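J.:
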Amino acid sequence: MRLGIISALHEEQQGLVEAMHSPHKLMHGMREYFVGRLWKIDAVCVLSRIGKVAAAMTATTLVEKFGVTHILFTGVAGAGDAGIRVGDIVVAESLVQHDMDASPLFPRYEVPLTGLTQFPTDSSMALELANAAARFLDNELAGTIDAQERAVFALDAPRLHRGLIGSGDQFVNEREHVQSLSKALPGLLAVEMEGAAVAQVCFELGVPYGVLRTISDNANENAATDFMRFVKSVAARYAFCIVRQFCLGHQASKVSAGTSS
Ligand code: ADE
């Protein structure tokens, strides 16, 4: 396995790059790619920046230039459903581009000429990610996030969800908008700005991928309040610990199966 790890924001990537064993940095297409070992896994870490084009460019480069065999995207998202709370974790089972609309030529949300509206993630990666997130929530959360920050963001027993994530080139910050998306896309758990673009690239290139999101806001009028504080003190730590759990879990499963990664 050569794992490409994409983060949308610098704060989420920093800890991973610091944890890398003998990393070397390569510049390509205005991005820095850090190649090295991360908890015994051959890895390439990169910041995509924000939005679908940025994410698609990054995912394509990881595969075509850096030869990654799997891609993992970590970041934050707005809640797409009233049952999802700030601090919860969503592991994508599938992704949709919620701003795709080539109707009446193609059905609303369908990516033209792929025949697909929703792109499924790799089921083993989704399972490994969900297991990693569950281990983090059960064993590490309390010791990792400052008590004051847990109180500020009301992180009271955060939960793990698996299902549909919607991506679009919009920071969703109006109640009516998120409600209409949730109505139009049954099962929608979270909204963000990159995942479904990575999904389309990985689908077209035949690369297994997973998407993990920490819920940072309710995609309403308050969505931008304390956003960067949440990213720094909560989401960056979630991402670091869950990626570590993912890598360690992946290694352990290879060792017990008698194969190396
Ligand atoms: N990422 C985090 N919160 C978001 C929101 N409300 N809309 C889009 N992307 C997000």
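Under my numbering, think of the first position of the sequence shown as 8, with each following residue one higher.
C-beta: ideal position from N, C-alpha, C; glycine also.
Treat the numbers as computed from the prediction; the structure is a model and nothing was measured.
(1) Is aspartate 233 near the ligand ADE, with its Cβ less than 7 angstroms from a heavy atom?
(2) Going by Cα to Cα distance, which pick from Val75, Leu171, Gly82 and Gly194 is closest to alanine 99?
(3) Beta carbon of valine 205, beta carbon of valine 179: below 8 angstroms?
(4) Under a three-way DSSP split, which group does serine 110 fall into?
(5) Using a 10 Å radius around the Cβ and a threshold of 16 neighbouring Cβ atoms, would you call aspartate 163 buried or exposed?
(6) Mind checking glutamate 25: buried by the 16 CB within 10 Å criterion, or exposed?
(7) Comparing alpha-carbon positions, which option in Val42, Leu23, Thr76 and Gly90 lies nearest arginine 166?
(8) Ignore the nearest five residues each way along the sequence and tell me which others in methionine 228's own chain have a CB closer than 8 angstroms to its CB.
(9) Span of the beta strand (DSSP E) holding methionine 34?
(10) What number of angstroms, rounded off, separates the C-alpha of leucine 45 from the C-alpha of alanine 154?
(11) Please go through the region 42-100 and give each complete beta strand (DSSP E) segment of 3 or more residues, from N-terminal end onward.
(12) Starting from the N-terminal end, write out each residue whose C-beta falls within a distance shorter than 6 angstroms of any non-hydrogen atom of the ligand ADE.
(13) Where does leucine 16 fall in DSSP's three states?
(14) Suppose the cutoff is 7 angstroms on Cβ atoms and the five residues either side in sequence are ignored; what does the same chain contact list for arginine 244 look like?
(15) Would you decide whether aspartate 224 is buried or exposed? Buried here means 16 or more other CB atoms lie within 10 Å of its CB.
(16) Can you name the start and end residues of the beta strand (DSSP E) that histidine 168 belongs to?
(17) What are the boundary residues of the alpha helix (DSSP H) that glutamate 135 is part of?
(18) Judging by CA-CA distance, which residue of Ala50, Arg38, Val93 and Ala226 is the nearest neighbour of phenylalanine 237?
(19) Among His168, Ala226, Ile222 and Gln258, which one has its Cα closest to the Cα of valine 241?
(20) Could you name the residues that DSSP lists as bridge partners for phenylalanine 126?
(21) Taking the alpha-carbon of arginine 38 as reference, which of Asp145, Thr68 and Arg115 has the nearest alpha-carbon?
(22) Which residue wins for smallest C-alpha separation from arginine 9, given the options Ala264, Gly74, Phe253 and Ser174?
(23) For alanine 84, which of His184, Tyr116 and Gly202 has the nearest alpha-carbon?
(24) Hey, how far is the Cα of glutamate 135 from the Cα of glycine 194?
T.: According to the structure shown:
(1) no
(2) Leu171
(3) no
(4) coil
(5) exposed
(6) exposed
(7) Gly90
(8) Checking the sequence shown, residue 228 turns out to be glutamate, not methionine. Excluding residues within five positions, the ones whose Cβ falls inside 8 angstroms are Asn180, Glu181 and Arg182.
(9) 28-35
(10) 28 angstroms
(11) 48-54 and 77-86
(12) Val83, Ala84, Gly85, Phe178, Val179, Asn180, Val198, Glu199, Met200, Ser223, Asp224, Ala226 and Ala230
(13) coil
(14) Thr151 and Ile152
(15) buried
(16) 167-174
(17) 130-142
(18) Val93
(19) Ile222
(20) Leu102
(21) Thr68
(22) Gly74
(23) Gly202
(24) 22 angstroms
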